Amino acid sequence: MSLTRSKPLLFVTGLTAALALSSCAGSAAQKGGDAAAGGGGMIAQLTFPSEADATVGGLANYNPYAPKPLTSTWLYEQLIVRNALTCEETPWLAEKATWEGGNKLTFDIRQGVKWTDGQPFTAKDVAFTFNLMKQYPALDKPGVWTGTFGAPATSVTAEGNKVVFAFSGNAAPKYDGIIASKILPEHVYSKVGDPTKYVDKTPVSTGPFKVGSYNGRQLVLVRRPDYWQADKIKVQKLILEGQYDASQAALKLRAGQLDAYFGEIPNPEKTFVSADPKNNHYYYAPNGITVLTGNNERKPFNDAKFREAISYAMNKEEISLKATYGVMKPASQTGLKLPSMENLLPQKYAGKDTVLPYDLAKAGQLLDAAGYKKGADGKRTMPDGSPLAVNFTVQAGFIDYQAIADVVVKALNDLGVPSKVTASAPDSVDGQKKTGDYQLMLEYLHGGCELAKNLGNKLSSTQIPTKTEVLPNVQRFKDPAVDAAVTKLASDVDRESQKRDLEPLIDTMMTQFPVTSLIYAPARVIYRTDKAVGWPSEKDPYANPQDDKLLMLTHLTAAK
Amino acid sequence: MKYFARKFGFFVATLWAVVTLNFFIPRLQPGDPAEIMVKRLAGKDAALDQAQVEAMRAMLGAPTGSLWEQYVNYLNELVHGNFGLSYTYYPFPVTAVIGQAFWWTIVLVTIVQVLSFVGGVVLGAYAAWRRNTRFDSVVTLGSTFLGTINPFALSLLVLYVFGYTLGWFPTSGGYEEATPGWNWAFIQEAVSHAFLPALALLIVTPIGWILGMRNTMVLNLGEDYIRLAKAKGLPDRSVALKYAARNALLPSVTGFALALGGVLGGAILVETVFDYPGLGRLMGEAVTQKDYPLLQALMLMSAVGVLVANLAADLLYGVLDPRARRAEG
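First to last, the sequence lines map onto chains W and A.
Counting from 1, one number per residue, gives the positions in the first sequence under the numbering used here.
Counting from 1001, one number per residue, gives the positions in the second sequence under the numbering used here.
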């Protein structure tokens, strides 16, 4: 037989669709003056990677609520864009959002916006979209009508140019999801039957672009001169084309066939920037934290003293170097992204270094003090004398995670804690998160501004994974006082009370070590400045490059 | 007649087994498609948003009823040609998704298989005829050597040399800017994009034919009837083609039929490396995405392809070689 076939090794790097996230609830304030570094002129054309898989071309669907529309970024728009890096809000289809307590939310809807078919966009379209979610739960991605993240809504109504959300209780944590929902045109989507099964081939949208052409592979979007903020859109033509892995993307970027890439390119300095330091740049913004997660229900991680001790044994600089070529910095144990969230830090931590130092000697002393004594063979035992062994489960194929696991396990063995790494398929690691049948693994701590939903849920005992659901509290930390604090934090809609109620959570992170912060996890953009300038950067992190691409585009202008 | 009836009965039984396995195997897999979808959309470094998972579950729909009811329902849908909606390409039906990928693979792999078969058989026969010459050594050793190289590495090598280094051919996809259809621009692009995957396949696929043909023919050449033909003074050409090659070809016919049947499975590896928009790439994607409806339809298609080809080969063999019929009697 001559058929030579092998099994494929497909590591589809999940390109992040625009899942806009995060926020502390509050009212949106107009972000002042766009500092454009370029000449301010028009850009003829930019090429970004495709948002849909190119495997099966020709199946055009622009329905923003389909799992994989051709684009979910450039056509339909949301109410408010909240930058998860700085927690700043930019009003979009809504000019303002106002909470009254945690159970009534009012949006002032922007006037003068037109759908691509010329019909005016109104508050009714907004109310229609959210009521459609009630009728079709499959659309309800923000969980407006369900009990996830706060109380369900009782009504969403349009009143003049306002849209009012009424909830049956505190629903502040839903804010992120609500402001990020794509608004649909009532005059189209009310006539299409089940909107989840609707194939939207001729999108009627409010966004800055219209579909120019699509040949099954290349989507050409053209600028709308009648866009409501057309003066900020300098890109005449936007081409979305190709699904690239890291090496292909680096080649295309270097060749100028791609102007930006939002996926992972390991060591961008060497593979991309060094080829042309003047035009080639990248920005890996800290967007969350990779945390070392010991199962708090299993020995030895059920002992906070043990967790504390090993937290000092983590060489975060080395982890950063091995896993990210030094791009992502060591992360603060507070669970906050610093310095961008510095203003939320309780007084007692202000100005202090909350990134735990790497101190093997201290870790050893802490272990000794906690009763994990070293035996004659140099190996430590449990305080009751029974053997101590740690098994680190890591997702096979996640190269950066595997690098981290190696550093961690080496450190543990150096400490006298016998440890080993077991690489398993990512799906089976998810299975272990559900069953709790693991000792040590890596997890992600979402760094979004909605702290009750992100840091809070990570620590809340109501958020322990079940047999069927992966919930955030994978480490299974339980503390009634923390639960109460999270509930309180969830009802806060202003920055000051948020800061106050955050303190017990940060104290828990710093003293109980439910998880150990290692390094920040990025939101990425790798870009060229030969055509367009004004990309987000460490100096000006005006947009989360992964989630706020539309906001980013409004800052781009032609290179001088 | 009994021979044909038996073969057909075997075909039906195998088909039922395939359909049944196809129903149960995906259901034994761990992992929740809704979670996987949400996670994929969010990226690796992201927390799973529970509200989104709920919405995705509502969208994809959970199977209802007992396993037996599901099975009966599945058979019923199959009979009516209804394979359901793809998870990854929701809300498009599986048949529409496969329809998009179908012709890419059929055209590419069929051409490659025919070329490989013809080329392989001719090379193999010639090597056998001229056995122990330099030509034979080059062909035999060459194919054995190439056969040991990992096809994945070989594909990457082809991609690197001709695609990136020399830049002669496009490196990924099936076409570029043309609109698919019967127009010259599209055909040109399609051919140039198909070239590298075809090349990668053509390096590997003929090897089996070459070696198989050569070995069978060498055996045949040692038979008495060849000696007799030579003794009678028949021209070499006639002995080689009409006697030795013709008989040696017989086992390859079955193999060829199976290979053609296997076309429906696509060339997963090569299509993946070259990002070729065919069935193989789709199958790989369906596996990683846990797109059960799509995966089931693809597996069924390739299994049925092989089964039908097998049946055809059996029937053909019965016609070509009367001994096969008589032996089983």
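The C-beta atom is built at its ideal place from N, Cα and C for all residues, glycine as well.
Just so we're clear, the structure is a prediction, and the values are computed from it rather than from any experiment.
| query | result |
| --- | --- |
| Minimum Cβ-Cβ distance from lysine 549 (chain W) to chain A less than 7 Å | no |
| Unbroken stretches of the beta strand (DSSP E), 3 residues or longer, contained in the segment 1136-1202 of chain A | none |
| Cross-strand partners of proline 545 (chain W) (DSSP beta bridge) | Per DSSP, none; premise fails for proline 545 (chain W). |
| Within-7 Å CB hit, valine 482 (chain W) to chain A | no |
| Within-7 Å CB hit, glycine 216 (chain W) to chain A | yes |
| Within chain W, the residues that proline 1180 (chain A) reaches when beta carbons sit closer than 8 Å | Gly57, Gly58, Asn215 and Gly216 |
| Below-7 Å beta-carbon distance, leucine 1048 (chain A) vs any chain W residue | yes |
| Extent of the continuous beta strand (DSSP E) to which glutamine 402 (chain W) belongs | That residue, glutamine 402 (chain W), is in no beta strand (DSSP E); its alpha helix (DSSP H) goes 399-415. |
| Inter-residue CB distance, glutamine 439 (chain W) and alanine 423 (chain W) (contact presumed, cutoff 8 Å) | Their Cβ separation, rounded to whole angstroms, is 14 Å, which puts glutamine 439 (chain W) and alanine 423 (chain W) out of contact at 8 Å. |
| According to DSSP, residues forming a beta bridge with histidine 281 (chain W) | W:Tyr527 |
| Closer than 7 Å to chain W by CB, alanine 1051 (chain A) | yes |
| CB contact check: lysine 141 (chain W) to chain A, cutoff 7 Å | yes |
| Residue closest to lysine 539 (chain W), alpha-carbon to alpha-carbon, out of W:Tyr283, W:Val408 and W:Met510 | W:Tyr283 |
| Same chain only: Cβ atoms within 7 Å of lysine 31 (chain W), ignoring 5 sequence neighbours per side | Because lysine 31 (chain W) carries a pLDDT of 36, less than 50, the predicted location of this residue cannot be relied on, and the following value inherits that uncertainty. So the qualifying residues of the chain are Glu88 and Thr90. |
| Residue-level contact to chain A via CB, threonine 324 (chain W), 7 Å cutoff | no |
| CB contact below 7 Å: lysine 197 (chain W) versus chain A | yes |
| Run of the alpha helix (DSSP H) containing histidine 187 (chain W), from where it starts to where it stops | 186-189 |
| Any non-hydrogen atom of the ligand SAM closer than 6 Å to aspartate 1236 (chain A) Cβ | The ligand content of the structure shown is nil, which means the ligand SAM is not present either. |
| Leucine 75 (chain W) and tryptophan 92 (chain W) closer than 7 Å at C-beta | no |
| Counted within 10 angstroms of its Cβ, other Cβ atoms place tyrosine 1160 (chain A) as buried (16 or more) or exposed | exposed |
| Below-7 Å beta-carbon distance, phenylalanine 1195 (chain A) vs any chain W residue | no |
| Contact with chain A by proline 137 (chain W), beta-carbon distance below 7 Å | yes |
| Secondary structure of isoleucine 1207 (chain A), DSSP reduced to three states | helix |
| Rounded straight-line distance, which links the Cα of lysine 124 (chain W) to that of glutamate 186 (chain W) | 8 Å |
| Residues of the segment 508-531 of chain W with Cβ closer than 8 Å to any Cβ of chain A, in chain order | Ala521 and Pro522 |
| Pair within 7 Å by beta-carbon distance, valine 409 (chain W) and glutamate 318 (chain W) | no |
| Buried or exposed (CB count within 10 angstroms, at least 16 for buried), phenylalanine 301 (chain W) | buried |
| 7 Å Cβ cutoff met for tryptophan 115 (chain W) and threonine 206 (chain W) | yes |
| Euclidean distance between Cα positions of serine 23 (chain W) and asparagine 544 (chain W) | Residue placement at serine 23 (chain W) is flagged as unreliable, the pLDDT there being 34, under the threshold of 50; a coordinate-derived value is accordingly withheld. |
| Asparagine 391 (chain W) - DSSP class collapsed to helix/strand/coil | strand |
| Residue environment, leucine 1021 (chain A), which counts as buried when at least 16 other CB atoms sit within 10 Å | exposed |
| Straight-line Cα distance separating isoleucine 1036 (chain A) from glycine 263 (chain W) | 18 Å |
| Short CB-CB distance (under 7 Å) between threonine 148 (chain W) and chain B | The chain labelled as chain B is not found among the protein chains of the depicted structure, namely W and A. |
| C-beta neighbour in chain W for glutamine 1092 (chain A), strict 7 Å | For the record, residue 1092 (chain A) in the displayed sequence is phenylalanine; it is not glutamine. True, the Cβ-Cβ gap to chain W drops below 7 Å. |
| Short Cβ contact (7 Å threshold) for valine 1218 (chain A) with arginine 1323 (chain A) | no |
| Below-7 Å beta-carbon distance, methionine 1037 (chain A) vs any chain W residue | yes |
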